[in-house]
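*Asks:* Here it is, the structure, as structure tokens.
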């Protein structure tokens with residue numbers, strides 16, 4: 001089992017023949033990193049630099065006042081920022097864990113088990129990739145209303161567990177695991193659950209990392225749920241709060257709200273950046289696997 005490596009897209013070590021690629025990739029990486037650098041510097045700009053003309057890329061007089069104002073304004077609104085962050089963190093952890101669990105279990109069944117309508121179920125999942133969220137907004141609202149999830153904490157979780165792209169990637173990844181490996185485990189008396197936990201899960205860690213990133217970004221940046229399905233301010237998430245920060249918190253003064261909006265944007269952005277940096281190599285390997293039959 002340890003010898004199974006699949007298709008790896010990332011080189012394991014440096015070689016001088018790679019220098020020709022670095023001459024092109026390094027300037028491109030610097031160019032693509034400029035928006036990230038701008039977001040970081042923008043959060044520490046005082047009000048005069050936020051509206052300076054011509055706009056300044058780098059901050060000249062960095063300040064933490066934007067973050068101080070963010071916490072002060074939130075406390076003054078009645079709902080502390082810790083409540084919004086708590087909602088987002090709890091929802092994100094639950095959704096990421098359950099999405100990984102359901103995607104890996106369903107992927108294992110669709111890849112290594114034989115049952116009626118197996119191909120049809122996977123084709124329906126593949127067909128679901130074609131629909132953008134806006135196309136199913138009305139049916140989704142009607143379904144959520146019928147289930148009685150309106151204005152509840154579960155409305156943040158249950159609708160986001162359906163992740164067709166996650167199941168697609170995991171199933172394609174598990175297809176690369178030799179059937180002989182699974183059959184040998186069955187002959188030794190291993191149950192499906194034992195095969196799933198001791199063979200499948202260790203071999204699909206890159207796919208799990210990819211699903212974790214995709215589900216994390218989906219739920220962490222989700223604004224739609226708090227906007228359409230939640231009326232209780234204490235149940236809304238930090239992403240929704242951030243989207244209304246510049247205008248509502250400052251009483252409609254969007255100019256005064258730009259500083260705290262910049263600080264909140266950095267808080268929202270950093271988790272996405274950190275999790276992608278940690279798991280990005282696994283994402284590349286997963287993409288290589290998913291396109292190979």
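Numbering (this note's numbering), first residue to last: 1 to 293. Here a beta-carbon is modelled for each residue, glycine too, at the ideal position from N, C-alpha and C. Model, not experiment: these values are computed from the prediction.
Would you kindly check if the distance between the Cβ of residue 215 and the Cβ of residue 126 is under 8 Å?
*Replies:* Contact: no.
*Asks:* Quick check: what's the CA-CA separation for residue 122 versus residue 15?
*Replies:* Whole-angstrom Cα-Cα distance: 42 Å.
*Asks:* Round the Cβ separation of residue 41 and residue 26 to the nearest angstrom and send it over; I've been treating them as touching at under 8 Å.
*Replies:* Not confirmed; about 21 Å, so no contact.
*Asks:* Run the CB neighbour count on residue 229, radius 10 Å, all protein chains shown included, and call it buried at 16 or more, exposed below.
*Replies:* The residue in question, residue 229, is buried, as its Cβ has 16 or more Cβ neighbours within 10 Å.
*Asks:* If you draw a straight line from the alpha carbon of residue 304 to that of residue 170, how long is it in whole angstroms?
*Replies:* With the chain covering 1 to 293 only, the question about residue 304 has no answer from this structure.
*Asks:* For residue 236, tell me which candidate among 61, 19, 50 and 88 has the shortest Cα-Cα distance.
*Replies:* Considering only alpha carbons, the answer is 88.
*Asks:* Taking the alpha carbon of residue 204 as the reference point, which residue from 176, 81, 19 and 35 has its own alpha carbon closest?
*Replies:* The candidate whose alpha carbon is nearest that of residue 204 is 176.
*Asks:* Indicate whether residue 46 and residue 18 have their beta-carbon atoms separated by less than 8 Å.
*Replies:* No, they are not a contact pair.
*Asks:* Residue 217 to residue 210, Cα distance in whole Å?
*Replies:* Using only the alpha carbons, I get a separation of about 11 Å.
*Asks:* Would you mind sorting residue 220 into buried or exposed? The rule is 16 or more other CB atoms within 10 Å of its CB.
*Replies:* Looking at its Cβ environment, which holds 16 or more other Cβ atoms inside 10 Å, residue 220 is buried.
*Asks:* Do three or more CB pairs link the stretch 149 to 159 to the stretch 187 to 205 at distances below 8 Å?
*Replies:* No: the two stretches stay apart, fewer than three of their Cβ pairs being nearer than 8 Å.
*Asks:* Alpha carbon to alpha carbon, what distance is there between residue 43 and residue 90?
*Replies:* Taking the straight line joining both Cα atoms gives about 25 Å.
*Asks:* May I ask you to report which of helix, strand or coil DSSP gives residue 120?
*Replies:* Residue 120 falls in the helix class under three-state DSSP.
*Asks:* Within the continuous alpha helix (DSSP H) that includes residue 50, where are the two ends?
*Replies:* Segment 47 to 50, the alpha helix (DSSP H) holding residue 50.
*Asks:* If you drop the 5 nearest sequence neighbours on each side, which residues of the same chain put their C-beta closer than 8 Å to that of residue 69?
*Replies:* Excluding residues within five positions, the ones whose Cβ falls inside 8 Å are 259, 260 and 263.
*Asks:* Out of 35, 132, 30 and 156, state which residue places its alpha-carbon closest to the alpha-carbon of residue 86.
*Replies:* Cα-wise, what sits closest to residue 86 is 156.
*Asks:* What span of residues does the alpha helix (DSSP H) with residue 172 cover, start to end?
*Replies:* Residue 172 -> alpha helix (DSSP H) spans 164 to 174.
*Asks:* Measuring alpha carbon to alpha carbon, tell me which residue in 53, 106, 67 and 184 is nearest residue 172.
*Replies:* Of the listed residues, the one whose Cα sits closest to residue 172 is 106.
*Asks:* How should residue 133 be labelled, buried or exposed, when 16 other C-beta atoms within 10 angstroms of its C-beta is the threshold for buried?
*Replies:* Exposed is the call here.
*Asks:* I'd like the span of the alpha helix (DSSP H) that includes residue 219, first residue to last.
*Replies:* First-last of the alpha helix (DSSP H) with residue 219: 205 to 220.
*Asks:* Taking the alpha-carbon of residue 245 as reference, which of 96, 67 and 159 has the nearest alpha-carbon?
*Replies:* Checking every option, the nearest Cα to that of residue 245 belongs to 67.
*Asks:* Compute the distance between the beta-carbons of residue 227 and residue 238, then report whether it is under 8 Å.
*Replies:* No, the Cβ-Cβ distance between residue 227 and residue 238 is not below 8 Å.
*Asks:* If we count the other Cβ atoms within 10 Å of its Cβ and call it buried at 16 or more, is residue 166 buried or exposed?
*Replies:* Buried: at least 16 other Cβ atoms inside 10 Å.
*Asks:* Please report the Cβ distance between residue 164 and residue 128, rounded to the nearest whole angstrom; I am assuming they are in contact, meaning their Cβ atoms lie under 8 Å.
*Replies:* That belief holds up - the Cβ atoms of residue 164 and residue 128 are roughly 4 Å apart, short of 8 Å.
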